[in-house]
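> My numbering applies: residue 4 is where the sequence shown begins, and numbers increase by one.
For every residue, glycine included, the Cβ atom is placed at its ideal position computed from N, Cα and C.
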Amino acid sequence: MRIGHSYDLHNLLPGTGFYLGGIFIPTNFAVEAISDGDVLLHTIGEAIIGALGYGDLGQWFKPTTEKFSSTKIINHALGLLKKDGYQIINIDTTVIIDEPKLSPFREKIKANLGQLLELSDKQINLKFTTTEKNFPTIIQAQAVVLLQKL
Numbered sequence: 004m005r006i007g008h009s010y011d012l013h014n015l016l017p018g019t020g021f022y023l024g025g026i027f028i029p030t031n032f033a034v035e036a037i038s039d040g041d042v043l044l045h046t047i048g049e050a051i052i053g054a055l056g057y058g059d060l061g062q063w064f065k066p067t068t069e070k071f072s073s074t075k076i077i078n079h080a081l082g083l084l085k086k087d088g089y090q091i092i093n094i095d096t097t098v099i100i101d102e103p104k105l106s107p108f109r110e111k112i113k114a115n116l117g118q119l120l121e122l123s124d125k126q127i128n129l130k131f132t133t134t135e136k137n138f139p140t141i142i143q144a145q146a147v148v149l150l151q152k153l
């Protein structure tokens, strides 16, 4: 068994929405990022990469002016997972943002994560919390993954 953890943070700017877990969240904010800024996919992908001992996202994805979908990060992490002969037992995540409230999107995000990662609903835990308005212009995420050798 192996365990991986990751943390990500991005600034929020005026905009029309952002991606979280591969789902577009319409709101008055956008995420400042090189990729599409999906902090949830970033942390899940990096937690998998870390659990396998392959470092962090910066070693695999260099800064670029070209925007890309964060599913590219997940696909890369899953490729390493399969190459090394591991499977995901479960993932536990936390997203921290003051606005918008994310609970209405929980099931849609979980379903998309399940499809991307080939996991059941019970293998994915998704928590939302706020900074109590202490940091209203950022979005943060944390992920922990547990892997098992096939």
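Taking only three categories from DSSP, how would you classify I146?
Reading off the sequence shown, one finds Ala at residue 146, where the question assumed Ile. In the structure shown, A146 sits in a strand (DSSP, three-state: E or B).
> L120 lies in the alpha helix (DSSP H); which residues open and close that run?
Unbroken alpha helix (DSSP H) run through L120: 109–120.
> Within 10 angstroms of its Cβ, does G61 collect 16 or more other Cβ (buried), or is it exposed?
With fewer than 16 Cβ atoms within 10 Å of its Cβ, G61 is classed as exposed.
> Here's the rule I'm using: 16 or more other beta-carbon atoms within 10 Å means buried, otherwise exposed. How should T140 be labelled?
It is exposed - the Cβ of T140 has fewer than 16 other Cβ atoms within 10 Å.
> Skipping 5 residues on each side, what residues in its chain have a beta carbon closer than 7 Å to that of L129?
T96, R109, I112, K113, listed in sequence order.
> So what does DSSP say about D124, is it helix, strand or coil?
In this structure, D124 counts as helix in the three-state DSSP scheme.
> Exposed or buried, what is S73 when buried is set at 16 or more other beta-carbons lying within 10 Å of its beta-carbon?
So S73 counts as buried.
> Taking three-plus beta-carbon pairs below 8 Å as touching, is the region 18–36 in contact with the region 98–108?
Yes, since at least three Cβ pairs between the region 18–36 and the region 98–108 fall closer than 8 Å, the two stretches touch.
> Measure the alpha-carbon distance for I83 versus V42 and round it to whole angstroms.
A small correction: the amino acid at residue 83 is Leu; Ile does not occupy that position in the sequence shown. Distance between the alpha carbons of L83 and V42 is about 20 Å.
> Which class does G58 belong to by DSSP, given the choice of helix, strand or coil?
Looking at G58 - three-state DSSP - the assignment turns out to be coil, as it is neither helix nor strand.
> Report the option in N78, P29, L105 whose CA atom is closest to the CA atom of H45.
Checked all of N78, P29, L105; the closest Cα to H45 is N78.
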